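In mature numbering (1 follows the signal peptide of the UniProt record, and there is no 0), the protein residues as written are -18 to -1, 1 to 297.
Notes to accompany the following structure.
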C-alpha cells in the first residue's frame, strides 16, 4: 500500500515545487507564505502532461483566501486512472486558525486538526484525527517568541523531533521509528527559502535548491554535508550564481528544474515548463490564473499553445 501511494503521487506530478515543505512544519496560513507577490482572492493552477501526441490535464489546484489574506481552502483534483478530489478547509476564530478539516473523495484520507494556544497566543499543540493522520504535534518557544522545537507523535509509534536553530538558520530533524531505528536529517535555509537538505546515511546524498536558476541539484558521497552546505551558503550570499557555477564542475544531477516561465507585472509566475528528473524525466506544462484581493486578474489555466511552441525545444 505504501509503495503504491508513493508511485501514485509521483506519477500524477504531486511533487512539483521547491516551495513545498520538505519536513513537518506548523501550518502556513498567510498569502505571502505561498510565494505570491500580492494579496490574493484565489489562485487556480493547472498541470498538463504534454508530448508529441498532444496534451491532457493531470492535476488542478485552487488556493482561496479571505479578506484578511489567510487561506481558507486548498482544493486539489487529480485526473486520470487515479482520479481523486481533496479539499483542505481552514477555519478561523477571531482571526486565529482554529482547525483544518480535510475532506477527500477517498474517505480514508479524511482528517481533522485542532489548534491549541497558550495565554500569549502561541500555538502549542495540534491534535489530528484520521485513519492515516492520527498524531499530536507539540511546540516550544524561545524567549523571543520563535519556535524552538516541534515534536510529532504518531499513533503508529513513530516520533519526529525538530529543533529550529535560528542562529544558523537550519532545522535538525530526528525520527525515531517504533522499532527504535533513528533517522537524522538537516534542512538548511537562506532567508525563508530552503537551501539544502540531507539525511544521514551510508551513501551520503545532499540536495541543493537554487531559487535563482529554479533548479534542484543532487550530489552524492559528500563526507561532511553540513559543513559543505554551510560553506556553499556563505558563498551564495556573496554570489547567487555560485550553485550553478559549482555544479557545472561536479558530478551533480539536476533532479528538478523550471527552465522557462513567464511572470506578470506583480512578479507572480503565470506559465512555466518544469521537469522532475528523480524517476526518469517527467515533463509538466503549468498554467496559473490569479485573482488578486483588489479584483485585478492575471493569467489563465487554459493550455497556451504559443508558450508551448516557444519551449518545445527544451528537454
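No residue lacks a Cβ here, since even glycine has one placed at the ideal position from N, Cα and C.
Since the model is a prediction, treat every value here as computed from it, not as a measurement.
Point to revise | CA-to-CA distance, residue 193 to residue 41, given in whole angstroms | key: For the purposes of this step, residue 41 is taken as residue 59 along the chain shown, with counting starting at 1. For the purposes of this step, residue 193 is taken as residue 211 along the chain shown, with counting starting at 1. Whole-angstrom Cα-Cα distance: 24 Å.
Check your understanding: Helix, strand or coil: which one does DSSP assign to residue 64?
Key -> For the purposes of this step, residue 64 is identified with residue 82 of the chain shown, where counting begins at 1. DSSP places residue 64 in coil when its eight states are reduced to three.
Point to revise | Residues that DSSP places opposite residue 70 in a beta bridge | key: Here the question's residue 70 lines up with position 88 in the chain shown. BP columns for residue 70 point to 56 and 84.
Exercise for review: List the whole-angstrom C-beta distance separating residue 154 from residue 140, where the pair is believed to meet the contact cut-off of C-beta under 8 Å.
Suggested key: Taking the first residue of the chain shown as position 1, residue 154 is located at position 172. Taking the first residue of the chain shown as position 1, residue 140 is located at position 158. The Cβ separation is near 17 Å, so there is no contact.
Practice item. Return the bridge partner residues of residue 181 from the DSSP annotation. Key: Within the chain shown, residue 181 is the residue found at index 199, counting from 1. Beta-bridge pairing links residue 181 to 167 and 187.
Review point. Is residue 169 closer than 9 Å to residue 179 when the C-beta atoms are compared?
Key: Position 197 of the chain shown, counting from 1, holds the residue named residue 179. Position 187 of the chain shown, counting from 1, holds the residue named residue 169. Cβ distance < 9 Å, so residue 179 and residue 169 count as in contact.
Practice item. Write down every uninterrupted run of the beta strand (DSSP E) in the region 111 to 138 whose length is 3 residues or greater and which is fully enclosed by it, in chain order. Key: 117 to 123 and 129 to 136
Check your understanding: Among residues of its own chain, excluding the 5 on either side of residue 223, which ones have a beta-carbon nearer than 7 Å to its beta-carbon?
Key -> Walking along the chain shown from the start, residue 223 turns up at place 241. The answer, listed in chain order, is 194.
Review point. Are there three or more Cβ pairs, one per stretch, closer than 8 Å when the region 234 to 248 is compared with the region 209 to 222?
Key: no
Check your understanding: Near residue 251, which residues of its chain fall below 8 Å by C-beta distance, leaving aside the five closest residues on each side in sequence?
Key -> For the purposes of this step, residue 251 is taken as residue 269 along the chain shown, with counting starting at 1. For residue 251, where only same-chain residues beyond five positions count, the Cβ hits under 8 Å are 243, 244, 245 and 270.
Review point. Considering only the beta carbon of each residue, do residue 198 and residue 186 sit closer than 9 Å?
Key: One-based indexing of the chain shown puts residue 198 at position 216. One-based indexing of the chain shown puts residue 186 at position 204. For residue 198 and residue 186, no; Cβs fall outside 9 Å.
**Study point:** 9 Å Cβ cutoff met for residue 267 and residue 30
**Key:** Against the chain shown, residue 267 aligns to sequence position 285. Against the chain shown, residue 30 aligns to sequence position 48. In this structure, residue 30 lies closer than 9 Å to residue 267 by Cβ.
**Study point:** Reference residue 73; option with closest CA among 99, 230 and 55
**Key:** One-based indexing of the chain shown puts residue 73 at position 91. If we check each option's Cα against that of residue 73, 55 comes out closest.
**Study point:** Given 8 Å, three or more beta-carbon pairs between the region 44 to 52 and the region 88 to 102
**Key:** no
Practice item. Could you say if the region 270 to 280 and the region 19 to 34 meet the contact criterion of at least three C-beta pairs nearer than 8 Å? Key: yes
Exercise for review: Verify whether the separation of the beta carbon atoms of residue 171 and residue 151 is less than 9 Å.
Suggested key: For the purposes of this step, residue 171 is taken as residue 189 along the chain shown, with counting starting at 1. For the purposes of this step, residue 151 is taken as residue 169 along the chain shown, with counting starting at 1. Contact: yes.
Point to revise | Environment of residue 12 [buried if 16+ CB atoms lie within 10 Å] | key: What you label residue 12 is simply residue 30 of the chain shown in a count that begins at 1. Flag for residue 12 reads exposed.
Review point. Using DSSP with H/G/I as helix, E/B as strand and the rest coil, what is residue 211?
Key: In the chain shown, the residue the question calls residue 211 occupies position 229. Looking at residue 211 - three-state DSSP - the assignment turns out to be helix.
Point to revise | beta strand (DSSP E) runs wholly inside the region 205 to 284, at least 3 long, in chain order | key: 235 to 245, 251 to 258, 264 to 274 and 279 to 281
Exercise for review: Kindly indicate which three-state DSSP category residue 93 falls into: helix, strand or coil?
Suggested key: Along the chain shown, one-based indexing puts residue 93 at 111. Strand.
Review point. Between the C-alpha atoms of residue 176 and residue 215, what's the straight-line distance to the nearest angstrom?
Key: Start at 1 with the first residue of the chain shown, and residue 176 comes out as number 194. Start at 1 with the first residue of the chain shown, and residue 215 comes out as number 233. Roughly 11 Å between the two C-alpha positions.
Review point. Going by DSSP, what residues sit across from residue 142 in a beta bridge?
Key: Within the chain shown, the letter at position 160 stands for residue 142. For residue 142, which the question treats as bridged, DSSP gives the partners 134 and 157.
Check your understanding: Is the beta carbon of residue 128 sitting closer than 9 Å to the one on residue 146?
Key -> Taking the chain shown and counting its residues from 1, the one referred to as residue 128 is at position 146. Taking the chain shown and counting its residues from 1, the one referred to as residue 146 is at position 164. In contact: residue 128 and residue 146 (Cβ atoms closer than 9 Å).
Review point. Tell me which same chain residues have a C-beta within less than 7 Å of the C-beta of residue 263, skipping the five on either side of it?
Key: Position 281 of the chain shown holds residue 263. The residues are 257.
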